[in-house]
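Chemist: Residue numbers (our numbering): 92 to 473. Glycine residues also receive a C-beta, built at the ideal position from the N, C-alpha and C atoms. Being a predicted model, the structure only gives us computed values, none of them experimental. Structure incoming, see below.
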């Protein structure tokens with residue numbers, strides 16, 4: 092007949108201790124064979140309790156980042172149960188008398204014996220009596236917290252551990268309890284901090300196993316957060332480049348539109364628009380065309396294919412623009428191989444087909460030129 096090993100017996104004892112504190116867990120699917128065996132022995136199994144809805148508690152316990160982070164399944168994850176007030180007066184700084192300390196120590200020793208026998212409910216009750224006598228003792232709060240943890244009451248265990256650490260932030264037992272509770276809640280960073288501090292003061296093999304698990308989950312979560320941060324940075328960089336490209340395209344469109352506007356303005360005004368000719372002579376065109384027919388004249392003028400093509404030349408357009416501010420510059424441009432023929436043609440059209448040799452600036456300009464010639468001839472005779 093095979094004999095159970097010490098490890099197997101220890102596992103059985105832990106299951107029995109847990110079921111003694113939480114008999115409702117006997118109805119879990121994993122313990123179906125145990126229920127059937129107990130029923131075959133004639134044991135009375137209590138009916139299953141109503142399953143409470145703890146989804147809201149779980150959601151509240153998890154942070155937003157934790158909900159986004161999907162880790163491997165964890166059978167030890169749990170939620171905090173509601174914790175009732177134990178009516179223990181807060182420590183007011185008053186030191187207990189030697190008699191009170193001795194009585195509290197006796198209760199603490201009895202609680203430890205009961206816990207060793209697996210009677211955690213009675214041990215918790217005795218520790219409550221001791222804490223009412225010495226509420227300022229961190230070790231008492233930490234000891235009761237460990238009993239609550241054994242009974243799978245993480246909410247009560249966490250509350251007592253926090254009370255102990257408020258009194259003594261270096262209490263190793265309280266650090267272990269709080270670190271273990273945070274591990275079961277999936278608060279990996281908090282668990283890593285408490286368990287690491289506890290191991291630095293007093294090494295424990297059982298806690299070391301939990302610490303390695305917590306360290307792995309912490310690293311996984313940090314890597315997830317780093318990948319998430321990098322993905323967000325890349326998205327922002329892509330949006331920035333896209334915006335810069337859009338701005339460049341908009342600027343290019345504006346420049347192209349400005350160039351088109353300038354070209355249309357130069358071709359339609361010659362330069363300056365169809366309302367006038369270079370120089371802006373009021374009342375009419377130099378040399379004969381009356382002011383009343385100027386608009387129709389200009390419309391007909393720009394229908395000429397040769398003039399329209401010539402205006403596409405930037406050099407021609409620039410020189411004609413000079414005539415707007417200095418009409419007399421036309422005399423100097425008459426010899427220009429590009430502009431001269433255009434001026435002659437425009438003058439010819441303006442004067443109704445006059446001979447190319449006539450002055451493009453009317454009788455006044457011709458008379459001036461004649462006087463200058465006569466004077467020069469007189470000098471030669473003298």
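Excluding the 5 residues flanking residue 281 on each side, which residues of the same chain have their C-beta closer than 7 Å to its C-beta?
Modeler: The answer, listed in chain order, is 273.
Chemist: Please report how far the alpha carbon of residue 300 lies from the alpha carbon of residue 275, in whole angstroms.
Modeler: For residue 300 and residue 275, the distance between alpha carbons rounds to 14 Å.
Chemist: What's the gap between the Cα of residue 434 and the Cα of residue 421?
Modeler: Taking the straight line from one Cα to the other gives about 8 Å.
Chemist: Quick check on DSSP: helix, strand or coil for residue 110?
Modeler: Residue 110: helix per DSSP, three-state reduction.
Chemist: What does the alpha-carbon distance come out to for the pair residue 167 and residue 249?
Modeler: Spanning the two alpha carbons is a distance of roughly 16 Å.
Chemist: Should residue 136 go down as buried or exposed, given a rule of 16 or more other Cβ atoms within 10 Å for buried?
Modeler: That one is exposed.
Chemist: Quick check: the segment 288–306 against the segment 314–324, are there 3 or more CB pairs under 8 Å?
Modeler: Segments in contact, no.
Chemist: Taking the alpha-carbon positions, what's the residue 365 to residue 327 distance?
Modeler: Interpretation of residue 365 is limited by its pLDDT of 37, a score under 50 that renders its predicted location unreliable; no figure is taken from the coordinates.
Chemist: Work out the CA separation of residue 325 and residue 177 for me, nearest whole Å.
Modeler: Looking at the two C-alpha atoms, the distance is approximately 53 Å.
Chemist: Given this structure, state the Cα-to-Cα distance separating residue 244 from residue 170, to the nearest angstrom.
Modeler: Going from the Cα of residue 244 to the Cα of residue 170 covers about 9 Å.
Chemist: Mapping the DSSP letters down to three states, classify residue 174 as helix, strand or coil.
Modeler: In the structure shown, residue 174 sits in coil (DSSP, three-state: anything other than H, G, I, E or B).
Chemist: Taking residue 262 and residue 230 to be in contact with their CB atoms under 8 Å, please state how far apart those CB atoms are, rounded to whole angstroms.
Modeler: Between residue 230 and residue 262 the Cβ distance is about 7 Å, and since that is below 8 Å, they are a contact.
Chemist: Given residue 103, which residues of its chain have a CB within under 8 Å of its CB, disregarding the five upstream and five downstream residues?
Modeler: Cβ neighbours of residue 103 beyond the five flanking positions: 95.
Chemist: By Cβ distance, which residues of its chain are closer than 6 Å to residue 267, with the 5 residues on each side in sequence left out?
Modeler: 289, 298, listed in sequence order.
Chemist: Would residue 350 be called buried (16 or more neighbouring beta carbons within 10 Å of its own) or exposed?
Modeler: Its Cβ having fewer than 16 others within 10 Å, residue 350 is exposed.
Chemist: On the three-state DSSP scale, how would you describe residue 243?
Modeler: In this structure, residue 243 counts as coil in the three-state DSSP scheme.
Chemist: Does the structure place the segment 122–139 close enough to the segment 201–221 that three or more beta carbon pairs sit under 8 Å?
Modeler: Flag = no, the segment 201–221 and the segment 122–139 do not touch.
Chemist: Assuming residue 77 is part of the alpha helix (DSSP H), what are its boundary residues?
Modeler: What is shown of the chain runs 92 to 473, which leaves residue 77 out entirely.
Chemist: With a Cβ-Cβ cutoff of 8 Å, do residue 182 and residue 256 count as a contact?
Modeler: No, they are not a contact pair.
Chemist: Applying the 10 Å Cβ sphere with the 16-neighbour rule, what's the burial state of residue 199?
Modeler: Classification of residue 199: buried, given that the 10 Å Cβ count is 16 or more.
Chemist: Relative to the C-alpha of residue 355, which candidate in 330, 331, 343, 405 has its C-alpha closest?
Modeler: Checking every option, the nearest Cα to that of residue 355 belongs to 405.
Chemist: Short of 7 Å in beta carbon distance, which residues of its chain neighbour residue 224, apart from the five on each side in sequence? Order them along the chain.
Modeler: Closer than 7 Å at the Cβ level, and outside the excluded window around residue 224, lie 187, 191, 194, 195.
Chemist: Classify residue 423: buried if its beta carbon has 16 or more other beta carbons within 10 angstroms, exposed otherwise.
Modeler: Exposed.
Chemist: Measure the alpha-carbon distance for residue 180 versus residue 221 and round it to whole angstroms.
Modeler: Those two C-alpha atoms are separated by around 12 Å.
Chemist: Is DSSP giving residue 341 helix, strand or coil here?
Modeler: The answer is helix: DSSP assigns residue 341 an H, G or I state.
Chemist: I think residue 233 touches residue 265, with their Cβ atoms under 8 Å apart; what is that distance to the nearest whole Å?
Modeler: Rounded, the Cβ-Cβ distance is 4 Å, consistent with contact.
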